[in-house]
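Below you'll find the structure, written out as C-alpha cells, and then a few comments.
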Amino acid sequence: MSGGQAEHWAEELAVLGPGVSEAVAWAGLVIERAGGAWLTDADGRDYLDLMGGAGVNLIGHSHPGYLDALHRQLDAWMIGAHASTARLDALRGLAGLLPATLNRVQFYSGGAEAVEAAIRLAKSATGKFEILSFWRGFHGRTAAALAATGGARAGLGPAMTGVHTTPYAYCYRCPLKATYPACGLACVDLARETLRETSSGSLAAILVEPVQGRAGNVIPPPGYLAALRELADEHDALLIADESMTGLGRTGTILASEDVSPDIVVLGKGMGNGYPVSAIAAPAEIMETGTFGKPSASSSSYGGFPLACAAVASVAQVVRGRGLAERARTVGAEFTALLREVIPERGIVGEIRGIGLAVGIELVADEKTRAPLDKKQLHAVFTRLLENGVLVMTGGGSLRLYPPLTIDIAELTDAAHTIASILNTWTS
Ligand SMILES: Cc1ncc(COP(=O)(O)O)c(C=O)c1O
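Quick note: the sequence shown, position 138, residue 137 per numbering that gives the first Met the number 0, numbers continuous.
What follows is the structure, encoded as C-alpha cells:
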C-alpha cells in the first residue's frame with residue numbers, strides 16, 4: 000500500500016465516524032476496481048480477495064450478468080415497493096432454491112434488520128417473547144439482534160429482556176471442557192437446563208447461526224442443529240436459522256441448516272452480492288399468524304425495491320445455473336484438505352475448520368494451552384498476508400476465508416501455499 004492510499008484514508012477518517020471494520024481498517028486499501036475474486040488498489044496492485052466484503056462476494060465481483068441486470072433495472076425504475084418483473088424474478092429465483100416449506104419471503108435491506116424481523120415474526124406467530132441464542136454468535140447491532148449477539152454489548156446498558164444465552168458447540172474451546180462425541184452434546188443439555196432455570200415458559204424461538212461466522216467460522220459437530228431443533232420443539236418454539244453468512248450455497252448446500260427444517264431463515268450478505276438486501280423466509284402459516292401478517296406490519300421503506308430484487312434475481316439465477324452450492328462443496332473440500340496438508344496444526348495454527356467455501360484458521364499463542372494469539376500478532380499476520388497479495392477476514396482470533404463460489408481452484412491453491420509459507424514459519 001502506498002503513501003497515497005494512507006493519505007486517502009487519513010482524509011476520509013478526518014470526517015468518517017470511527018468504528019469501521021477492524022480488518023478493513025488494517026488493510027487500509029483504496030480500491031479502484033474489482034473482478035471475480037480480485038481487488039485492484041489505487042496503485043494498480045492486485046489482491047486475492049478472501050474477505051469478500053465479509054462474506055458478501057458470492058458470485059464474484061463485477062459478475063457480467065449481474066451488472067447487466069442492475070444496469071437494466073437502473074435505466075427502468077428504482078423507487079417503490081410496487082410489484083415488478085424484478086421482484087417476481089427474485090421471488091421465483093428464491094423459491095427455486097429454498098426448501099418448499101419456506102414458501103413466503105419478505106425483503107429487507109441488511110442482516111440485522113432481517114434478524115429483527117425474524118424475532119418479531121417468531122413472537123407474532125407463537126404469542127411468546129423469549130429467545131435463546133448463543134455465546135460468540137453474531138446477529139447484528141440493532142437492539143434485539145444485539146441482545147442475541149455474544150459480547151459486543153459493553154457500555155450499552157441493559158439489552159432486550161427475555162433473551163437467554165448459552166454456549167455454542169465450539170468444540171475447540173469447549174467451555175464445559177468436554178470432548179465430542181463422548182460429551183453427548185453436553186452443551187445442548189446445558190441449554191436445556193438454562194431454559195429450565197431461567198425461562199418464564201415463554202420461549203418464542205431459538206436463534207442460531209448454523210456455522211458461527213464472526214466467532215471464527217466455528218462449525219458445530221454432527222447432530223448439534225438437530226438437537227437444537229428438538230429443544231425448540233420441546234418448548235413449542237420456532238427454530239430461526241440466521242443464514243446471513245451461510246445461505247445460498249456458501250457452505251456447500253443452499254442452506255447450512257436445511258437438514259433440520261428451520262421454521263424461519265434469515266438471508267443477507269451474498270444474496271445481494273454487494274447490493275444491500277436481506278430477507279426472511281418462512282412458511283405461510285407462520286407469516287400469516289399474529290400481527291406480522293397485518294397490512295404494513297412487516298414492511299420497510301426499501302423492502303422489495305426493484306434494484307435490490309434485480310440483484311437477488313441475478314444471484315439466484317447464477318447460484319442455480321452454475322450449481323454453485325455443489326461447487327462450493329467440492330472446491331471447498333479440496334481447498335480445506337489442501338490447507339490441512341500444507342499447514343500443520345501446530346505453532347500458531349490451532350485448528351483449520353472448513354465447510355464449503357467458508358474456512359476458519361484459528362491462531363493461538365500457545366498450541367498446548369490454546370491461548371488466543373494476541374491482537375498485535377494477528378494484525379501482523381494479516382499484514383504479511385496482504386503484502387503477499389492475499390486479503391483475508393478476521394474474527395475471534397481466527398483468519399476467515401470467504402472466496403466467491405466461482406473462484407478457480409488454481410487461485411485457491413496459490414492462496415493456500417501463500418498462507419502456509421507465512422503461518423508455518425511464524426515466530427511470535
Ligand atoms: C450471521 C450474521 N447475522 C447478521 C449479521 C448482520 O448483518 P448486517 O451487518 O448486514 O446488519 C451478520 C453480519 O456479519 C452475520 O454474520
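Glycine included, C-beta positions come from ideal geometry on N, C-alpha and C.
From a predicted model like this one, the values you see are computed outputs, not experimental measurements.
Taking 8 Å as the cut-off, the C-beta of Arg119 does not count as close to any heavy atom of ligand 1.
The beta carbon of Glu208 sits closer than 8 Å to at least one heavy atom of ligand 1. Contiguous beta strand (DSSP E) elements confined to the segment 349-418 occur at 357-362, 392-394 and 397-400, taking only those with 3 or more residues.
Taken from the Cβ of Ser277, at least one heavy atom of ligand 1 lies inside 8 Å. Between Pro403 and Ala36 a beta carbon distance of about 5 Å is seen, short of the 8 Å cut, so the two are scored as contacting. Checking the 8 Å criterion, the Cβ of Lys268 is within range of a heavy atom belonging to ligand 1. Below 8 Å, too few C-beta pairs join the segment 175-192 and the segment 147-158 to call them touching: fewer than three. Counting the other Cβ atoms within 10 Å of the Cβ of Asp241 gives 16 or more, which makes it buried. With 16 or more other Cβ atoms inside 10 Å of its own Cβ, Ile347 counts as buried. Separation of the CB atoms of Arg213 and Val259 is rounded to 22 Å, and the pair is thereby denied contact status at 8 Å. Taking 8 Å as the cut-off, the C-beta of Arg213 counts as close to a heavy atom of ligand 1. Under the DSSP definition of a beta bridge, Tyr46 partners with Leu38.
Pro294 and Glu287 have their C-alpha atoms spaced approximately 11 Å apart.
In this structure, the beta-carbon distance from Val314 to Tyr65 falls below 9 Å. Taking C-beta atoms as the reference points, Asn216 and Ser397 count as a pair closer than 9 Å.
As the crow flies, the alpha-carbon of Glu31 is around 8 Å from that of Leu38. For Ser132, the three-state secondary structure derived from DSSP is strand. Each of Ala89, Gly246, Ala13 and Val114 was checked against the Cα of Leu57, and the nearest Cα belongs to Gly246.
Runs of the beta strand (DSSP E) lying entirely within the segment 239-322 and spanning at least 3 residues, in chain order: 263-266 and 277-281. Comparing alpha carbon positions, the residue from Thr125, Gly248, Gly269 and Glu366 closest to Gly322 is Gly248.
Nearest to Ile205 by alpha-carbon distance, out of Pro174, Ile218, Pro166 and Arg71, is Pro166.
If one requires a minimum length of 3 residues, the beta strand (DSSP E) runs lying completely within the segment 133-191 are 162-165, in chain order. Taking a contact to require three or more Cβ pairs closer than 8 Å, the segment 114-134 and the segment 194-211 qualify as touching. Assigned with DSSP and collapsed to three states, Leu15 falls in coil, not helix or strand.
Boundaries of the alpha helix (DSSP H) harbouring Leu93: Thr84 to Ala94, taken from the DSSP string. With fewer than 16 other CB atoms across the displayed protein chains lying within 10 angstroms of its CB, Val14 is exposed. Where Val207 is concerned, the enclosing beta strand (DSSP E) starts and stops at Leu202 to Val207. The alpha carbon of Ser199 has as its nearest neighbour, out of Glu340, Arg339, His234 and Thr393, the alpha carbon of His234.
DSSP, read as helix, strand or coil, puts His81 in coil. The beta carbon of Ala22 sits no closer than 8 Å to any heavy atom of ligand 1.
Checking the DSSP bridge columns, you'll see Ile30 partnered with Asp40. For the pair Leu362 and Gln376, the CB atoms are nearer than the 9 Å cut-off.
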